[in-house]
Every structure is written in C-alpha cells, then in structure tokens.
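Heads up, the thing below is written out as structure tokens.
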Amino acid sequence: MSIRSLLRALGLLAVGLFFLFPLFWVLMMSFMTNADILRSPPSLIFEPTVSNYTSLLSGSLASQVGTLNVDYVQNLMNSFILAAGSVVLSLLLAVPAAYAFARFRFRGGENMAFTILSFKFAPPLLVLIPLLGYFRQIGLTDSYIGLIWVYQLITLPLVLWIVRGYFEDISEDVEYAYRLDGHSWWETFTRIALPLARPGIASAGLLAFIFAWNNFIFALVLGSSRVQPVTVGALNFVTASGIQYGQIAAALVLSILPTLAVALYAQRFLVQGLSLGAVKG
Amino acid sequence: MSSLSISNVNKIFRSSNRGQVHAVRDLSMRIDDGQIMALLGSSGCGKSSTLRMIAGFESVTSGEIRVGEKLINRLEPAARNVAMAFEAYALYPPLTVEKNIAFALLRNKESAAVIKRKVAEIAQRLEITDLLQRYPTGLSGGQQQRVSLARALIRPADLYLLDEPMSQLEPQLRATLRGRIKEYLVEHQLTTVFVTHDQTEAIAMADRIAVMDGGVLQQYGTPRELEDEPANLFVASFIGEPPMNLLAGSVADSADGLALDIHGEGEPIRLHMPQGVHSDAMHRELATDRQVTVGIRAHRMLVGEQPAGAASAGDFVARVTSNQWLGDQSHIGLDINGNRIFLVTENPLDAHTGDQVRLHWPVEHLHVFDSKSTNALFHGGVPRSSAATRTPQTSEALGA
Amino acid sequence: MSYLQISNLSKSLGRAEVIRGLDLAMDHGEFLVVFGPSGCGKTTLLRLIAGVIKADGGEVAIAGESMAEVEPEHRGVAMAFQSFALYPHFSAFENIASPLRADGLAEREVKQRVQEVAGMLRITNVLDHMPKELSNGQKQRTSLARSLIRRPRVLLLDDPLRNVDAKLRYEMRIELPEVLRQFETTVLYVTQDFKEAMALGDRVAVMLDGAIRQVDRPANIYRRPADLDVARLFGDPPMNLIPTRPQRHNGGGITVRLGESVLDAPGCPERLLDRECVVGIRPEDVHFLDSREGDCLPVRLEAVMPLNVRTAMLVTAPGALELTSSAWDIREARDEENDTAVRIDLNGAVYFDPDSGQRVQ
Chain A
385 MSIRSLLRAL GLLAVGLFFL FPLFWVLMMS FMTNADILRS PPSLIFEPTV
435 SNYTSLLSGS LASQVGTLNV DYVQNLMNSF ILAAGSVVLS LLLAVPAAYA
485 FARFRFRGGE NMAFTILSFK FAPPLLVLIP LLGYFRQIGL TDSYIGLIWV
535 YQLITLPLVL WIVRGYFEDI SEDVEYAYRL DGHSWWETFT RIALPLARPG
585 IASAGLLAFI FAWNNFIFAL VLGSSRVQPV TVGALNFVTA SGIQYGQIAA
635 ALVLSILPTL AVALYAQRFL VQGLSLGAVK G
Chain B
36 MSSLSISNVN KIFRSSNRGQ VHAVRDLSMR IDDGQIMALL GSSGCGKSST
86 LRMIAGFESV TSGEIRVGEK LINRLEPAAR NVAMAFEAYA LYPPLTVEKN
136 IAFALLRNKE SAAVIKRKVA EIAQRLEITD LLQRYPTGLS GGQQQRVSLA
186 RALIRPADLY LLDEPMSQLE PQLRATLRGR IKEYLVEHQL TTVFVTHDQT
236 EAIAMADRIA VMDGGVLQQY GTPRELEDEP ANLFVASFIG EPPMNLLAGS
286 VADSADGLAL DIHGEGEPIR LHMPQGVHSD AMHRELATDR QVTVGIRAHR
336 MLVGEQPAGA ASAGDFVARV TSNQWLGDQS HIGLDINGNR IFLVTENPLD
386 AHTGDQVRLH WPVEHLHVFD SKSTNALFHG GVPRSSAATR TPQTSEALGA
Chain C
50 MSYLQISNLS KSLGRAEVIR GLDLAMDHGE FLVVFGPSGC GKTTLLRLIA
100 GVIKADGGEV AIAGESMAEV EPEHRGVAMA FQSFALYPHF SAFENIASPL
150 RADGLAEREV KQRVQEVAGM LRITNVLDHM PKELSNGQKQ RTSLARSLIR
200 RPRVLLLDDP LRNVDAKLRY EMRIELPEVL RQFETTVLYV TQDFKEAMAL
250 GDRVAVMLDG AIRQVDRPAN IYRRPADLDV ARLFGDPPMN LIPTRPQRHN
300 GGGITVRLGE SVLDAPGCPE RLLDRECVVG IRPEDVHFLD SREGDCLPVR
350 LEAVMPLNVR TAMLVTAPGA LELTSSAWDI REARDEENDT AVRIDLNGAV
400 YFDPDSGQRV Q
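Protein chains in written order, with the working numbering: chain A, 385 to 665; chain B, 36 to 435; chain C, 50 to 410.
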C-alpha cells in the first residue's frame with residue numbers, strides 16, 4: 385500500500401470516527417445503567433443490560449424515586465403516522481403541481497413557486513403562536529389532521545422543488561412522442577412522466593419523511609401527549625429524580641431505526657442518470 | 036513554430052475497477068514545421084488521448100514527444116508553449132468575447148491598439164465580429180466554439196492543438212470556415228494538430244492524416260495517399276464519401292494474366308487482367324483461391340462505352356437502385372449480383388431505379404486487399420510498398 | 050386541394066416571433082424537405098403540425114380538415130425526433146409497439162407488426178434491448194420504426210440523421226427513401242444539411258427566420274435561388290457572390306467586372322445595366338487552370354481543400370476578388386501557387402439586387 389492510500393485511509397478513519405462516534409456512544413449508553421453512564425472516568429467495559437429497552441417498551445420507567453408511565457411505543461406510532469401522513473399528502477398535492485410548474489407556462493408561475501418555497505424560510509415560532517389560537521378555535525389542537533396539515537409547511541415546498549427539477553429534466557420530446565403515439569395527456573403523465581421522475585419523487589419523499597419525523601416544535605406546541613411524536617416524548621425522560629440517560633439513549637436508538645429503514649428501502653429508487661440513455665448519447 | 040515528433044508513445048489508463056485500458060499503442064509520427072495534421076478516427080480510437088498527451092493534460096506512459104528538438108514529456112502544459120482550443124470551449128464567463136480572445140495576447144505585452152487590431156482580424160475571419168462585446172453565456176454552441184478557436188489561433192505558440200474544432204458548427208458555416216481557417220494556418224505557417232471524427236473535414240484541412248483505430252495507427256499519409264493507397268480495409272472504408280466499394284472475391288485460375296472472381300448472388304463476376312506488367316506481378320503474388328477483397332472508389336468507375344486507351348479490368352451491367360443529384364455531383368446506387376455499390380459522376384445521369392447501366396473498372400484504380408489480414412496487397416496493379424507510407428498492423432494482429 | 054395545408058401560421062415563444070405568416074402546401078404521398086439553418090423555426094413548425102403546441106394564428110389542415118380542435122393523438126401524424134425521444138424505461142420492442150398499444154390491438158398482432166417494421170429497418174436483433182444499450186444508429190431506426198408502424202397520414206422527420214455518425218448518415222440517406230416508399234406516406238423532412246435536401250426531396254422548401262423563402266424542385270433551387278440568403282445556404286462549397294456593375298460592351302453584349310477583369314455576361318438581365326448588383330457564380334463554373342494561357346483570369350491560389358470527390362480551391366485576384374473554385378478529383382497544393390488562373394463560365398450565373406436580396410430575372 386502506498387503512502388498516499390495509507391494517508392487516505394487514515395483520513396477517512398478520522399472523519400468516520402468523528403461522525404460515527406456519538407452514534408456509537410449512544411448505542412453503548414442504551415445498554416448501560418444510569419450508574420454506569422454517570423461513572424467518572426467513563427469506561428468502555430461494563431455489564432450490558434436490556435432494562436432500558438424493556439422499560440421503554442413496557443411503558444413504565446423505574447427509577448430511584450418511583451415508577452413513571454411513559455408510553456414510548458405510542459410515541460413511536462405517532463411519529464410514524466405524522467411523518468407518513470405528511471409525506472403522502474405532500475406527494476399527492478406537490479407532484480402534479482410540480483408537473484404543472486415544469487411544463488406549463490402561466491402568469492405568475494415563478495412567483496407562486498417561490499412563495500411556496502418561502503414557507504420553509506418562515507421561523508416556526510413566528511407562525512406557531514397565531515396558529516395555536518386558530519387551532520383552538522377550530523378544535524384542531526391535539527389531532528393528527530391538524531399536525532399533518534401544519535407539517536405541510538415543511539414537506540410541501542421540499543417535494544415541489546425537488547420534483548419540479550426532475551420533471552424539467554425530462555425531455556419534452558419524450559412526452560410529445562407518447563402523445564403522438566395516440567395516448568392521452570393523462571396516460572402520458574402516469575406512464576411516462578411519473579416513472580421517469582421516480583428517482584426524484586423517491587428522494588423528495590425520503591427527505592420529507594426525515595424532516596417531518598425530526599420535527600419538534602410544531603408537535604410540542606400544537607399537540608399533546610396523545611399525538612406527540614418521539615421528539616417531544618423525549619422530554620419525559622427529564623424527570624424530577626434526574627435525567628434517565630440510559631432510557632433516552634434507548635429511545636434515540638429506536639427512533640432512528642424507522643428513518644434508517646425507509647432510507648434503505650428508498651435507496652434503490654435513487655438511480656442516477658435520469659435520461660437513462662434514451663436520448664442522444 | 037516547429038516540428039512535432041511522436042516516438043513510440045503508449046498511453047495506458049489504469050483504474051481499479053476496470054483494469055487497464057491501452058488507449059494509445061506504440062504511436063510514432065512526425066509533422067514538419069508549418070504543417071497541419073489531423074488525428075482521425077471514431078470515438079475511443081485514441082485520438083483525443085494523443086492530443087491531450089501532446090498538450091500535457093495526460094502523462095505519457097512510455098515514449099517521447101518532442102517539439103523541435105525539445106523533449107516536452109515532463110513539462111507542465113503552461114511550459115510547453117502550446118495553444119489549445121478545447122472541445123468544451125472553456126471560455127472565461129466574466130470576460131467579453133473580445134477580452135477572452137485578447138487574453139491570449141496579454142502575456143506578450145503588446146500595445147492595446149495592436150491587440151485590438153489582431154482580435155478584429157481573426158474575428159472577421161471566423162465571422163464573430165458582431166459578438167465581440169457579448170458574454171460567453173449568451174452564445175450558442177457554434178458561436179462559443181468559434182470564440183474558443185479564435186483565442187487559440189491568435190496566440191503565438193510553437194504548436195496549435197484543436198480538439199474537434201468545428202463539431203458544433205452548422206453545415207454551411209463549416210464549409211466557409213474550413214477555407215478561412217486553413218488559409219489562416221497556411222498564411223501564418225502554424226504547425227497544427229487537430230482531432231476529428233469527420234473524414235471530410237480531415238481531408239479538407241490536413242496536409243497529413245493519422246487514421247487511428249483501437250489505439251493503433253492505421254495509416255499516416257496525405258489525403259491523396261489515403262484515397263489512392265489505403266493501407267488496409269479499415270482506412271479504405273473510413274476515408275471517402277461515399278465509402279470505397281468493397282466486394283468479396285477470390286483469385287481464379289487463369290492461364291492468361293490474372294482473374295479475380297467477385298462473389299455474389301448467382302454466378303461470380305470475373306475481373307480479368309490480360310498478361311502485362313501489372314497482372315504478372317499480381318499473378319505471382321496471389322495464389323489461386325486466395326480470398327481477397329476488391330475495392331474501387333465510387334468516382335473511379337466509368338460509365339457507358341469503354342473509352343479508348345483505358346485498360347479495363349472488366350465491364351459489366353449493373354442495376355440502378357437510387358440516383359441522387361447533389362448539385363455538383365451525382366450519387367448513384369447500383370446492384371451488381373446482390374452486391375451494393377456506389378457510383379459518383381460529375382454530371383447528372385439519366386437513369387432511374389431499375390434501369391441497367393454499363394460500368395467499366397479501370398485497372399489503375401482497382402485495389403486488392405487480403406480478406407483475412409485486411410491489409411492492402413495491390414493498388415492499381417502495383418504492389419503495396421511499405422516504404423512509402425507506414426503499414427502498421429491492425430490491433431488484432433498485435434494480439435493484444 | 051392539398052393534402053397538408055398550412056396557412057399564415059404564426060407562433061411566438063416568449064418575445065421572439067419564431068414563425069411568421071408561414072404558408073406551405075403538400076400533396077398526398079409527397080416527400081418535402083424543409084431546409085434551413087438552426088434557429089429558423091423548423092422544429093417549432095413540426096410541433097405545430099403535430100399539435101403538441103398551439104399556434105398563435107393561422108391554420109393547419111390535413112386532408113381538407115382543420116386541425117384546430119384536434120388533439121395530437123387524433124391527428125394521424127407521427128414524428129421522429131432529432132433526439133430520438135425513446136422511452137428509457139421501455140424496451141425497443143415496447144417503444145415501437147407503443148402506438149399499437151394505444152389502439153388496443155391484440156398481443157399477437159402487435160408482435161407480428163413490430164417484427165415486420167423492425168425487419169424493414171434491420172433492428173430485429175435488438176428488439177429486447179433497452180434504449181441505453183442501443184447505438185445511435187439503432188436508436189434512430191427504433192425511433193423511425195415507432196413513427197412508421199401506424200402508417201401515419203403525415204410523417205414528420207426532425208433532422209433524423211443529425212446525431213448519427215458521418216458513415217452511417219451516408220448509408221441512411223440512401224436507405225431512408227427506400228424504406229419510406231414502402232409505407233406510401235406523406236413525408237415532411239427537416240434538415241440543415243443541403244446535401245440531404247438535394248438528395249431526398251421531391252421538392253425543397255427553404256426556410257429562414259420563420260418563413261418559407263422558396264419552394265421548388267432541388268435542382269431548380271440550386272440553379273436559380275430566389276434570393277441572396279438562399280444562395281448562400283444552398284451549396285457546398287457555397288456560391289460565389291460578387292458585387293459588380295454590368296456595363297454594355299462596345300460590341301453590344303453585356304459585361305461584368307470581377308476584380309480587375311471584364312467578362313462577358315450573356316445571361317445578365319438588361320435592367321441591371323449600370324446598376325449595382327451581386328452576381329452569383331457556382332464554384333464548379335469557376336474552372337481552375339494550371340497555367341495562364343489563353344483566355345483566363347490570373348489568380349493566386351490561397352488554399353486547397355479536397356472534398357471527397359471534388360476539390361475546392363480558394364483563389365484571389367487583384368481588385369480584392371476572392372473566389373472559390375471547385376474541380377473534379379482530388380488535387381494537392383503544388384509549389385508554384387502563383388502561376389495559376391481560372392476561367393469563369395457565366396452562362397449559369399444568377400444576378401441579385403443588393404438591397405432586396407431578390408434574384409433578378
């Protein structure tokens with residue numbers, strides 16, 4: 385091995401360690417008792433325990449002071465419902481809109497698209513205070529529908545802008561050809577445009593899922609324990625008797641798993657090369 | 036401005052996942068000061084790699100490249116005093132077209148007035164005068180290409196390298212600019228190497244052409260040499276539009292002179308050269324039944340009655356399959372025994388699809404190739420001499 | 050009544066008027082070539098005829114029926130695109146079968162017809178390939194097969210040979226008319242290559258700046274271009290265009306001055322006498338002579354360009370005269386470039402008005 389590749393390997397190792405170490409530590413912490421975690425100096429050798437996981441999943445946390453009921457599994461379900469629901473709604477709305485923005489020229493088109501993007505720039509807290517008032521009036525606080533609706537502020541612009549780019553990259557000639565073959569506009573959209581934009585739709589959906597899953601502030605303000613996702617649920621581990629680090633770590637590990645799974649699944653749709661060689665090479 | 040010599044140059048690309056690619060194999064050639072050379076071939080033949088090695092953007096795996104007497108292998112591109120027009124234009128976006136072109140002259144510290152004049156002159160030649168104050172981003176591909184060319188040509192350098200210099204130009208502009216560029220290069224005696232896949236362009240512009248295939252030099256010669264004395268079947272069919280008519284055949288038994296049978300549907304057509312200087316030489320070389328490919332260029336066949344004095348290898352009747360008049364020449368497709376050939380005449384030919392036409396094949400324009408090795412054996416009855424032009428083997432023969 | 054009738058068509062894209070007041074008529078079964086440089090609006094014209102974009106004004110009619118309210122999928126028009134436009138996620142077979150699927154044909158008939166067309170275009174062996182596995186030539190043929198399989202009323206070909214190698218381009222230029230003839234369809238073929246225009250069209254329509262300048266048989270356009278722009282475009286090497294002023298010679302005939310020489314101009318229209326005009330001379334009418342004997346115009350040889358079968362030579366003469374001469378056969382530059390001459394044959398010359406650019410009869 386030459387010096388160059390040795391140095392490169394070392395560099396990669398260093399960068400890798402830097403990024404992965406916190407994850408690794410959290411993973412370790414999830415198998416330690418609180419006592420082990422707080423020991424000083426910190427030690428890598430310990431007696432692993434699954435008590436953190438069992439208490440999470442069973443819903444009761446035992447601590448020095450007493451037991452606390454935390455419905456972690458329910459929180460996990462909520463995260464999933466909220467994130468998936470938001471993504472599905474965004475896809476249904478934004479994909480056809482993206483096609484319209486990409487293909488049709490209409491007055492104010494660019495302005496409209498940019499306005500939608502600007503939703504992402506709005507500081508959430510600014511929006512939340514008035515929104516809380518409205519939600520109370522309509523009775524949407526503490527509901528899945530209300531949160532999924534608000535989550536569109538995060539997911540809709542993302543899907544719209546990513547998918548629009550992919551539609552723009554598809555040569556119009558391919559769609560014209562399909563029309564001239566005798567197919568209607570709708571058939572062209574579903575059988576040509578959508579399949580060819582699939583990598584974009586998949587990556588947009590994936591990103592939107594991750595952003596929605598990680599959201600904290602909307603759910604905190606507009607939801608309650610019934611609909612709270614894991615991000616808000618983590619607050620429960622800050623108890624009167626102290627912070628249950630072991631259980632937080634276990635909760636973190638469990639909450640990363642779904643997004644990881646979705647990413648791995650969606651990966652095969654993230655194919656390179658949109659034109660796929662069907663136009664002049 | 037000096038000569039360029041390339042000696043036994045090899046380029047091997049190594050990549051971890053694809054193994055190695057021997058892009059250029061044992062290439063040797065030379066052009067003299069002030070001459071124009073074309074590197075011609077299809078994509079992947081090694082011509083661009085060769086150009087990049089001369090420029091210094093690729094290292095030379097083995098061999099030497101010299102400009103004049105100076106060895107330039109190890110020099111940085113900037114130190115080689117070589118001007119290059121890139122296929123991807125590589126214009127500087129923040130500068131106007133005029134400044135882009137003038138950039139090349141800044142080093143020389145000439146007065147602004149002189150620079151302006153030179154830029155105006157070359158802009159006029161390449162028809163980009165009205166683009167001088169515009170910026171590269173707004174220009175079409177063809178316009179950008181011309182600017183890139185202007186920038187390369189205006190620079191004083193020892194060697195000029197042009198990578199597909201006219202690929203983006205429209206057909207009619209190409210015709211005009213071919214002449215202007217060649218005129219400029221000849222006038223200023225610029226030693227030039229350009230890369231192209233268009234044999235029409237190579238033939239029009241270059242003093243010598245290096246035809247490459249699979250990294251191997253097939254032949255290096257003047258346009259006329261490539262036309263009239265192609266080294267092998269690849270060169271014969273690559274050069275020329277329409278391509279050389281090539282027909283499979285074999286040597287037939289004949290007591291008197293030489294006979295070649297052209298295969299096809301039905302009875303073979305016999306070409307016969309009665310005893311005489313040329314036929315005897317060929318007769319000695321070619322054993323009976325040897326598989327050969329016979330070639331004749333489209334514009335070398337004669338139509339109608341045999342003209343007096345021209346030795347004909349054969350005359351036969353062919354059936355017309357197409358007739359296209361192109362203004363200054365006529366392209367006629369013919370069928371001989373199921374073989375498709377092309378005829379080009381200076382004037383329109385009154386012949387419609389299905390008509391019969393009488394053809395003569397003059398001996399002096401007949402080419403005979405060995406079918407297996409694809410190498411040329413005889414041109415016009417004269418054995419191919421390897422001293423006149425290079426006869427490198429094809430990549431298959433090299434066994435690599 | 051023409052089969053394809055285009056009347057006063059206009060279309061703007063953004064602020065640019067791409068097509069303006071365009072008129073064109075085609076007969077049934079005709080092969081018409083629309084020839085023009087890039088940017089003249091050819092592709093927009095084809096899209097308007099196909100109906101995939103809507104015109105701003107004017108009308109397209111096929112077989113007497115206006116296409117104003119007819120969607121593209123119902124016009125009976127097929128198009129082969131310059132970029133091939135194959136469906137990347139369908140195999141070559143499915144690409145070609147696509148029009149038949151729209152018609153809802155039975156699988157067996159689809160198979161049979163695809164095989165038939167693929168056979169004519171010699172791509173049966175790659176039918177199961179995906180587009181990215183095909184060479185450019187194969188992609189072009191697949192695209193053609195797809196447009197032909199439904200036996201369209203009108204076939205639009207958008208510069209189909211542009212993105213194909215020079216070698217293959219020549220073959221297909223010969224093959225294409227033969228294949229198309231078997232389909233008996235009305236063909237509109239768009240190209241920038243004047244050789245294709247000459248070779249392929251029954252008639253050629255020269256298009257510039259969004260309008261048609263001249264429609265005629267190719268040989269007629271070649272011999273008598275309608276204006277200076279057409280003259281510049283139609284020819285390779287391009288026609289020599291020299292400003293001059295015809296005078297009446299003492300003997301009665303009209304002469305023109307080229308550079309410092311005066312030549313007889315038998316075909317010059319009388320009304321151009323004593324007026325500035327431009328004379329157009331084809332390079333093959335400028336005969337290159339190796340020596341300066343006899344009746345000739347002495348010139349200096351500047352550049353020699355072999356062009357496959359002919360050779361173009363750039364020559365200059367005193368009086369700032371620059372000419373292109375085209376000779377039969379390949380020549381190479383010789384050392385004595387100064388002892389050359391040309392003899393110009395003005396029998397076929399054409400004359401243009403310098404202001405309007407129009408040819409003068």
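Glycine is no exception: its CB is placed at the ideal position from the N, C-alpha and C atoms.
- For chain C, the residues of the region 577–599 of chain A that bring a beta carbon within less than 8 Å of one of its beta carbons are Pro579, Leu580, in chain order.
- Neighbourhood of Gly493 (chain A) in chain C, by CB distance below 8 Å: empty, with the nearest CB roughly 13 Å away.
- In the same chain as Thr323 (chain B), and ignoring 5 residues on each side of it, the C-beta atoms closer than 6 Å to its own belong to Val286, Asp288, in chain order.
- In the DSSP assignment, Tyr238 (chain C) forms a beta bridge with C:Val82, C:Leu206.
- For the region 297–324 of chain B, the set of positions with a beta-carbon nearer than 7 Å to some beta-carbon of chain C is empty.
- Ranked by Cα distance from Met64 (chain B), the options B:Thr85, B:Lys105, B:Gln55, B:Gly76 are led by B:Thr85.
- Between the alpha carbons of Tyr219 (chain B) and Ala268 (chain C) lies a distance of about 34 Å.
- Burial check for Trp569 (chain A): the Cβ neighbour count within 10 Å stays below 16, so the residue is exposed.
- Here the region 429–436 of chain A makes no contact with the region 489–509 of chain A; the two share fewer than three CB pairs at distances below 8 Å.
- Residues Asn289, Val335, Val364 of the same chain have their beta carbon placed closer than 6 Å to that of Leu372 (chain C), with the five preceding and five following residues left out of the count.
- Taking one beta carbon from each stretch, the region 213–229 of chain B and the region 253–262 of chain C have fewer than 3 pairs nearer than 8 Å; the two do not touch.
- Look at the region 227–292 of chain C and you find these whole runs of alpha helix (DSSP H), each 4 residues long or longer: 243–249, 267–272, 277–282.
- For Gln326 (chain B), no alpha helix (DSSP H) encloses it; the enclosing beta strand (DSSP E) starts and ends at 326–331.
- Nearest C-alpha to Arg259 (chain B) among C:Ile303, C:Ile393, C:Val353, C:Gly301: C:Val353.
- Against chain A, the CB of Ala194 (chain C) has no partner CB under 9 Å away; the residue lies outside that interface.
- Excluding residues up to 5 positions away in sequence, Ala634 lie with their Cβ nearer than 6 Å to the Cβ of Tyr437 (chain A) in the same chain.
- Between Ile89 (chain B) and Gln253 (chain B), the alpha-carbon positions lie close to 19 Å from each other.
- Proximity to Leu206 (chain C) across C:Gln161, C:Arg222, C:Ala215 peaks at C:Arg222, based on C-alpha coordinates.
- Looking only at B:Leu167, B:Asp291, B:Pro303, B:Glu300, the smallest Cα-Cα distance to His318 (chain B) is reached by B:Asp291.
- Under a 10 Å Cβ-count criterion, Glu133 (chain B) is classified as buried, with 16 or more other Cβ atoms of the shown protein chains found around its own Cβ.
- In the structure shown, Gly469 (chain A) adopts helical secondary structure according to DSSP, grouped into three states.
- Residues of chain A with a Cβ closer than 9 Å to the Cβ of Phe130 (chain C) are, in chain order, Ser555, Asp557, Val558, Tyr560, Ala561, Val663.
- Where Arg160 (chain B) is concerned, the enclosing alpha helix (DSSP H) starts and stops at 147–160.
- Ranked by Cα distance from Ala210 (chain B), the options B:Gly250, B:Val228, B:Ala237 are led by B:Ala237.
- Interface annotation, Phe269 (chain B): not in contact with chain C, CB-CB separation never under 9 Å.
- Note that the C-beta distance between Ile376 (chain B) and Ala333 (chain B) is below 9 Å.
- DSSP places Glu351 (chain C) within a strand segment (E or B) once states are collapsed to three.
- Between Ala114 (chain B) and the set B:Glu122, B:Leu197, B:Ala123, B:Val102, the nearest pair of CA atoms involves B:Val102.
- Less than 9 Å divides the Cβ of Ile303 (chain C) from the Cβ of Pro315 (chain C).
- At a C-beta separation below 7 Å, Gly566 (chain A) has these neighbours in chain C: Glu122, Pro148, Ala151, Asp152.
- The Cβ atoms of Thr572 (chain A) and Ser463 (chain A) do not sit closer than 9 Å to each other.
- Sequence-distant Cβ neighbours of Ser42 (chain B) in its own chain, meaning closer than 7 Å and more than five residues away, are Ser63, Gly98, Glu99.
- Beta bridge pairing from DSSP links Met308 (chain B) with B:Leu293.
- Straight-line measurement puts the Cα of Leu407 (chain A) at about 17 Å from the Cα of Leu396 (chain A).
- In this structure, DSSP gives Asn267 (chain B) an extended state, which the three-state scheme calls strand.
- Membership of Gly98 (chain B) in the beta strand (DSSP E) is indicated by the continuous run 97–102.
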